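Written out below as structure tokens is the structure these notes cover.
Residue numbers (the working numbering): 41 to 118.
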């Protein structure tokens with residue numbers, strides 16, 4: 041199953057594409073990749089919001105939060 045084309049498209053490529061989107065936003069705000077990794081690994085929504093608010097303005101938080109949540113959901117499904 042993990043070798044199937046559908047699995048790779050949804051989980052491997054999908055997560056990679058979402059990470060690229062998040063990294064592009066982070067680069068604009070000069071936020072290091074380790075902050076994104078921490079955000080992805082944060083299981084608590086309040087902690088995620090606090091972490092993002094420390095590094096991004098409200099517009100960027102609105103852009104990056106859904107991306108991080110999609111990555112988290114795909115990792116859970118995986």
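Built from N, CA and C at the ideal position, the CB exists for glycine as well. As the structure is a computational prediction, the values presented were derived from the model and not from experiment.
Of the residues 66, 71 and 50, which one's Cα is nearest the Cα of residue 114?
-> Taking the chain shown and counting its residues from 1, the one referred to as residue 114 is at position 74. Residue 50 is the option with its Cα nearest to residue 114.
Taking just the CA atoms, how far does residue 71 sit from residue 99?
-> Taking the first residue of the chain shown as 1, we reach residue 99 at position 59. Taking the first residue of the chain shown as 1, we reach residue 71 at position 31. Cα to Cα, the separation comes out at about 15 Å.
Between which two residues does the alpha helix (DSSP H) containing residue 65 stretch?
-> Numbered from its first residue, the chain shown carries residue 65 at position 25. For residue 65, the enclosing alpha helix (DSSP H) has its first and last residue at 54-68.
Collapsed DSSP secondary structure at residue 42 in the structure displayed = Within the chain shown, the letter at position 2 stands for residue 42. It is coil, neither helix nor strand.
When you compare only the Cα positions, how much space is there between residue 88 and residue 78?
-> Looking up residue 88 in the chain shown gives position 48. Looking up residue 78 in the chain shown gives position 38. One C-alpha to the other measures close to 9 Å.
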